[in-house]
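Below you'll find the structure, written out as structure tokens, and then a few comments.
Number of protein chains: 2
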Amino acid sequence: MAVTIRDVARASGVHVSTVSRAFSAPHLVNPETRTRVLAVADDLGYRPNRAARALTTGRTHNLGLIVADISNPFFPPLIKAAQAQARLRDYQVFVADTDEDPKVEEELIQTLTKQVDGVLLCSPRLTNKAIERLREDVPFVLVNRRVTGMATVCMDVARGAGLAIGHLTGLGHRRLALVTGPRGSWTSKEMQEAAAATSEADVAFIGPNQPTEQGGRAAAAGVLASGATGVLAYNDLVAIGLVEGLAERGVDVPGDISVIGVDDILAGRLVRPRLTTVAMPTAAAGRIAVDLLLQSVDSRAAMGVTMLETTLIVRESTGEAPR
Amino acid sequence: MAVTIRDVARASGVHVSTVSRAFSAPHLVNPETRTRVLAVADDLGYRPNRAARALTTGRTHNLGLIVADISNPFFPPLIKAAQAQARLRDYQVFVADTDEDPKVEEELIQTLTKQVDGVLLCSPRLTNKAIERLREDVPFVLVNRRVTGMATVCMDVARGAGLAIGHLTGLGHRRLALVTGPRGSWTSKEMQEAAAATSEADVAFIGPNQPTEQGGRAAAAGVLASGATGVLAYNDLVAIGLVEGLAERGVDVPGDISVIGVDDILAGRLVRPRLTTVAMPTAAAGRIAVDLLLQSVDSRAAMGVTMLETTLIVRESTGEAPR
DNA sequence: TTGAAAGCGCTAACAC
DNA sequence: GTGTTAGCGCTTTCAA
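Below is the structure:
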């Protein structure tokens, strides 16, 4: 078995509680004793067992991070930032992938609750009701989803969508299409509402679609049928797929149709035409969400919505409307 | 506080040990008692506290998964598969990102050891010696790294590199360059050895480089200086960056220089020219590694190397050597 | 088949 | 400043 607090106590000739204090309440122990204990501990290779500690303190020093699909390029920067920030605060993070399935999402949360101090729920597919039920068990911070009374970090997609549509109408496009995301996606709904509010152009809604390249490719026919010359896609992957689907049908981007994505993933900078996109501050969101979560773990404070700005990055996939 | 085993015991009129058995040793308890207990537990919303269980059983039912950089597109499919497989076996996984830093890697492993039953170390940057020391504390499975006597899942990069080089020499290229990865990368070393073994062509080694698009772009000058007409890059990101860097210098791919990447990431299929690449079975590696790890957790069996095949995917970034 | 009791590694009153 | 004691939620002998 590994070396425990008791081994250290014996080897340094003090009681276990002194060893415990040497680690978790240094000011309560004689500096000399402390250094001696720490030296012995180091010597023996002692490391406190966090799970055991959690049992008495009620703090696991673990966080849960739940995403719909790790391999969606939108998430890794968020996960990375969240993980780094958690580490800074001496927290570890469980990462779980729900495969876009609300049931899995719920199960995952339930198995995690007891082992974490809080969970970060990113773009959840769960219903508001389910989320409200689950929050009884464990503190949450939501990312890109609003549920009244819950702490939330939102990237302002509505404004981003507005920016994108403004860009398109500014280029003379009068018939637009919004290629939507999966059912239940909050960002997709936000985008729809923002699009519906436009008075400058007609907007056709095409979807729901898989949030993938395939989803975008499959939407090409619908886009063509709509007669739109300017398109805002649910995300960059969908946008890239759409551009490919359009190209296969002999339609040029941006010559015939302008396309805008959302997320600013790496691939969007690499493809030709380089994708015009609404950039999401994912890393910042991850960092801030962790801080909020830790804050709410400590104080149980009720909290509101943190809005993060999105920006439009104009590249090559948008241009003047054809006439 | 949450509902504990004691609440369930009280509410169902049995002793806590009976409740415990109802969950973890069903065959030791009267079927009727069991159903009653489970019903009550369900009613109360009881969920066993895994951390507390771990304290007595010595099994946390958690795994650690350590990668150099989550936002490197190579890793997400591996993480996703590992995570799904772990879930299947009723395990949760801690994901940690070392930011390519060996020190961080070691610290991370040390803080994780007590909370996990085993760790998956992917493309570690640690020295063999450090890894061997750490293995005293916790079972490991390595991915893409060989350390004698340790369980390993390797994707056969050497063979993949051989395939790539064969493809290049087959197209008439006689001066090749290998754009290597970061110092300490096992795959990079494997590739170098495979390349050095070629008798069909001269191979220049250019590196070490950051395993990123920027790294590839920065290597363009070196590649040009080497006079090579065929290049194998450390990974797709580097390859894509290299193609861009070359283009900026007026060099055409594949007209003037052929470029091959490694990994088969999404972006490689999306860019033009579409990238010829050595595909890595990352998802399979994640799945298999988890199974091996769980196996070694149960049986402490010594284990060897599992080799996974790589394949060459020829697309548009390679062509006949110019003369 | 069930209960009683000890203990996993640690922290947190409470004494001294 | 340090030791004593109890107990976190659970499993696991040992008896009955």
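Order-wise, the sequence lines are chains A and B.
276 is the number that my numbering gives to position 276 of the first sequence; each next residue is one higher, with no gaps.
1103 is the number that my numbering gives to position 103 of the second sequence; each next residue is one higher, with no gaps.
Built from N, CA and C at the ideal position, the CB exists for glycine as well.
Every value quoted in this text rests on a predicted model; they were computed, and no experiment measured them.
ALA1289 of chain B, DSSP secondary structure in three states: If you number the second sequence from 1, residue 1289 of chain B lands on position 289. Of the three classes helix, strand and coil, the one that applies to ALA1289 of chain B here is helix, per DSSP.
Counting only beta-carbon separations shorter than 7 Å, does ARG50 of chain A have a partner in chain B? For this step, residue 50 of chain A is matched to residue 50 along the first sequence. So yes, ARG50 of chain A belongs to the interface.
Under 9 Å from the C-beta of ILE1214 of chain B: neighbouring residues of chain A: Taking the second sequence and counting its residues from 1, one reaches residue 1214 of chain B at position 214. The sequence given here has Gln at residue 1214 of chain B, not Ile. Those do not exist, as GLN1214 of chain B stays about 12 Å from chain A at its closest Cβ, beyond 9 Å.
If you reduce the DSSP assignment to three classes, tell me which class ARG1036 of chain B lands in. As a working note, residue 1036 of chain B is residue 36 in the second sequence. ARG1036 of chain B falls in the helix class under three-state DSSP.
Report the neighbours of LEU1266 of chain B on chain A: residues whose CB is nearer than 7 Å to its CB, in chain order. Taking the second sequence and counting its residues from 1, the one referred to as residue 1266 of chain B is at position 266. Within chain A, the C-beta atoms nearer than 7 Å to that of LEU1266 of chain B come from ALA267, in chain order.
Measure how close the beta-carbons of VAL1231 of chain B and VAL1259 of chain B come, nearest whole angstrom, since I'm counting them as under 8 Å. As a position in the second sequence, residue 1231 of chain B is number 231, starting the count at 1. As a position in the second sequence, residue 1259 of chain B is number 259, starting the count at 1. Right, their Cβ atoms sit about 5 Å apart.
Under 7 Å between the Cβ atoms of PHE140 of chain A and LEU112 of chain A? Along the first sequence, one-based indexing puts residue 140 of chain A at 140. Along the first sequence, one-based indexing puts residue 112 of chain A at 112. Cβ distance not < 7 Å, so PHE140 of chain A and LEU112 of chain A don't count as in contact.
Would you call the CB atoms of GLY1286 of chain B and ALA1082 of chain B closer than 7 Å? On the second sequence, position 286 is the one that residue 1286 of chain B refers to. On the second sequence, position 82 is the one that residue 1082 of chain B refers to. For GLY1286 of chain B and ALA1082 of chain B, yes; Cβs fall inside 7 Å.
Distance between ALA22 of chain A and LEU28 of chain A (C-alpha atoms, nearest Å): Numbered from 1 along the first sequence, position 28 holds the residue referred to as residue 28 of chain A. Numbered from 1 along the first sequence, position 22 holds the residue referred to as residue 22 of chain A. Here the alpha carbons of ALA22 of chain A and LEU28 of chain A stand approximately 8 Å from one another.
CB of LEU1308 of chain B within 7 Å of CB of MET1191 of chain B, strictly: Residue numbering aside, residue 1308 of chain B sits at position 308 when the second sequence is read from its first letter. Residue numbering aside, residue 1191 of chain B sits at position 191 when the second sequence is read from its first letter. Against a cut-off of 7 Å, the Cβ pair of MET1191 of chain B and LEU1308 of chain B comes out as no contact.
Own chain residues within Cβ distance below 7 Å of ARG1159 of chain B, not counting five before or after: Taking the second sequence and counting its residues from 1, one reaches residue 1159 of chain B at position 159. Within the same chain, ARG1159 of chain B has close Cβ partners THR1310.
I need the DSSP call for VAL1003 of chain B, collapsed to helix, strand or coil. To locate residue 1003 of chain B, count along the second sequence from 1; it is residue 3. Here VAL1003 of chain B sits in coil by DSSP.
Between PHE23 of chain A and chain B, is any beta-carbon pair separated by less than 7 Å? As a working mapping, residue 23 of chain A is identified with position 23 in the first sequence. Cβ-Cβ to chain B under 7 Å: no for PHE23 of chain A.
Using CA atoms only, rank isn't needed, just tell me which of B:GLN1092, B:LEU1078, B:GLU1136 and B:LEU1088 is closest to CYS1122 of chain B. Walking along the second sequence from the start, residue 1122 of chain B turns up at place 122. Comparing Cα positions, the closest option is B:LEU1078.
How about SER71 of chain A: is its C-beta nearer than 7 Å to some C-beta of chain B? Sequence index remark: in the first sequence, residue 71 of chain A carries index 71 (1-based). Flagged as an interface residue toward chain B: SER71 of chain A, by a C-beta distance shorter than 7 Å.
Between B:VAL1003, B:LEU1142, B:ALA1009 and B:LEU1312, which lies nearest to GLY1166 of chain B when the distance is taken from Cα to Cα? In the second sequence, residue 1166 of chain B corresponds to position 166, counting from 1. The residue with the shortest Cα to Cα distance from GLY1166 of chain B is B:LEU1312.
Which full runs of the alpha helix (DSSP H) of 4+ residues lie inside the stretch 194-264 of chain A, going along the chain? 213-226 and 236-248
I'd like to know whether the C-beta atoms of LEU1242 of chain B and ALA1228 of chain B end up nearer to each other than 7 Å. Here the question's residue 1242 of chain B lines up with position 242 in the second sequence. Here the question's residue 1228 of chain B lines up with position 228 in the second sequence. For LEU1242 of chain B and ALA1228 of chain B, no; Cβs fall outside 7 Å.
So, is the C-beta of ILE1005 of chain B closer than 7 Å to a C-beta in chain A? Position 5 of the second sequence, counted from the start, is the residue given in the question as residue 1005 of chain B. Not one chain A Cβ lies under 7 Å of ILE1005 of chain B.
LEU120 of chain A, enclosing alpha helix (DSSP H) - first and last residue: Residue 120 of chain A sits at position 120 when you count from the first residue of the first sequence. LEU120 of chain A -> not in any alpha helix (DSSP H); beta strand (DSSP E) instead, spanning 118-122.
Would LEU1055 of chain B pass as a contact of ALA52 of chain A if the rule is Cβ separation under 7 Å? Stepping through the second sequence from its first residue, residue 1055 of chain B is reached at position 55. Stepping through the first sequence from its first residue, residue 52 of chain A is reached at position 52. Yes, these two residues count as a Cβ contact at 7 Å.
N- and C-terminal bounds of the beta strand (DSSP E) containing VAL1153 of chain B: Your numbering for residue 1153 of chain B matches position 153 in the second sequence. Its beta strand (DSSP E) spans residues 1152-1155.
From this set, A:LEU142, A:ALA68, A:GLY13 and A:LEU108, which residue's C-alpha is nearest ASP291 of chain A's C-alpha? On the first sequence, position 291 is the one that residue 291 of chain A refers to. Among A:LEU142, A:ALA68, A:GLY13 and A:LEU108, the Cα nearest to that of ASP291 of chain A belongs to A:LEU142.
Cβ pair PRO324 of chain A, ARG133 of chain A closer than 7 Å: The structure shown has nothing for residue 324 of chain A, since chain A only spans 1 to 323.
Ranges of the beta strand (DSSP E) found wholly within the stretch 94-148 of chain A, counting only runs of at least 3: 118-122 and 140-143
Could you tell me which chain B residues have their CB closer than 7 Å to the CB of LYS80 of chain A, listed as they occur along the chain? Numbered from its first residue, the first sequence carries residue 80 of chain A at position 80. The answer, in chain order, is ILE1070, SER1071 and ASP1097.
Determine which residues share a DSSP beta bridge with LEU1175 of chain B and list them. Within the second sequence, residue 1175 of chain B is the residue found at index 175, counting from 1. Per the sequence presented here, residue 1175 of chain B reads as Arg, with Leu not at that position. B:ASP1202.
GLY250 of chain A versus LEU266 of chain A - alpha carbon distance: Along the first sequence, read from residue 1 onward, the residue named residue 250 of chain A stands at position 250. Along the first sequence, read from residue 1 onward, the residue named residue 266 of chain A stands at position 266. Straight-line Cα distance between these residues: approximately 26 Å.
Note down the Cα distance separating GLY1184 of chain B from THR1127 of chain B, rounded to an integer number of angstroms. Position 184 of the second sequence, counted from the first residue, corresponds to residue 1184 of chain B. Position 127 of the second sequence, counted from the first residue, corresponds to residue 1127 of chain B. Taking the straight line joining both Cα atoms gives about 8 Å.
ASN209 of chain A to VAL1147 of chain B, Cα distance in whole Å? As a working mapping, residue 209 of chain A is identified with position 209 in the first sequence. As a working mapping, residue 1147 of chain B is identified with position 147 in the second sequence. Each residue's Cα considered, the two are about 46 Å apart.
What does the Cβ neighbour count give for GLU105 of chain A, buried or exposed, with the cut at 16 atoms within 10 Å? Start at 1 with the first residue of the first sequence, and residue 105 of chain A comes out as number 105. GLU105 of chain A comes out buried.
In the DSSP assignment, find the alpha helix (DSSP H) that holds LEU88 of chain A and state where it starts and stops. Mapped onto the first sequence, residue 88 of chain A falls at position 88. 75-88 is the extent of the alpha helix (DSSP H) around LEU88 of chain A.
Per-residue DSSP class, three states only, for MET1307 of chain B: To locate residue 1307 of chain B, count along the second sequence from 1; it is residue 307. Under the three-state reduction of DSSP output, MET1307 of chain B falls in the strand class.
For ILE165 of chain A, which three-state DSSP category applies? On the first sequence, position 165 is the one that residue 165 of chain A refers to. Correct three-state label for ILE165 of chain A: helix.
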